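Each residue of the sequence shown is one higher than the one before, counting from 1 in my numbering. All residues carry an ideal CB built from backbone N, CA and C; glycine is no exception. Keep in mind the model is a prediction, meaning the values are calculated, not measured.
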Amino acid sequence: MKKSVLALAAVAGLGLTALAAGPAQAMGSGNPYADHQVGVSYTVYQPTYTNGLKLKSTGDMIPDAYCDAEQALITNYGTSKGRQFSVTEGNPICRDIGNGPTVYTATIKGAKATVQAYCPPPGNGCSLKDVAKWGGHLTVIFPAVNPYPRGTQIWIETLKGHAISGNELVKIAQRMQPVG
């Protein structure tokens, strides 16, 4: 009797684990952006330009309990020893991102995009060129695209020691397209 109760509990636990993985894996198309779009109401955007850096890994960021948000998608590009960047998408993204001086602003898809460089404090004289040395990120909120009712907060981040340039962050954002 004890063994059957334990077996039933184990099967129930596996079922809950499968549900916790969420709808982002529902389609199984092999495209993490398209698969993620199935389970969220914000528009998922996919980079069409990565400067030759290959998709390395993907994952879903489960929001903190205090945050009323759908799962955010995280994708990582590059090599373990070379240049890298990550793309995080959600609405909202319930995490913090690094801070640094704003070194560039642009309008992309009608939205204000901001690039910050992670220069050492106080960051005086820090420029867009410093992103390649110290790392940094681009943030933007892209508009919703029918049939998805919500816009998308996007972070494209690169870190010191593996950083791509600030201009590359901008190019990646400019060439992102909705997957729907």
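Check	Outcome
Check whether V44 and Y33 have beta carbons under 8 Å apart	yes
Local conformation of L128 per DSSP, three classes	helix
Alpha-carbon spacing of G52 relative to A72, whole angstroms	24 Å
Cβ neighbours of Q25 in the same chain (closer than 7 Å, five flanking residues each side left out)	Confidence at Q25 is low in this model, with a pLDDT of 41, below 50, so its placement is unreliable and the value that follows should be read with caution. D35.
Segment contact, 8 Å Cβ cut-off, at least three pairs: the segment 86–94 with the segment 108–121	no
Buried or exposed by the 16-neighbour rule on C-beta atoms within 10 Å, applied to A21	Note that A21 has pLDDT 38, beneath the 50 cutoff, so the model's placement of it is unreliable and the number below is only indicative. Per the 10 Å Cβ criterion, exposed.
Pair within 8 Å by beta-carbon distance, K112 and T102	no
Secondary structure of D60, DSSP reduced to three states	strand
Straight-line gap, K54 to T79 (C-alpha atoms, nearest Å)	8 Å
Counted within 10 angstroms of its Cβ, other Cβ atoms place E168 as buried (16 or more) or exposed	buried
Supposed contact pair V140 and I97 - C-beta distance, whole angstroms, cut 8 Å	Not really, about 12 Å apart at Cβ, beyond 8 Å.
Supposed close pair Q84, T158 - CB separation, criterion 8 Å	7 Å
Three-state secondary structure assigned by DSSP to H162	coil
Burial state of Y66 (16 or more Cβ within 10 Å)	exposed
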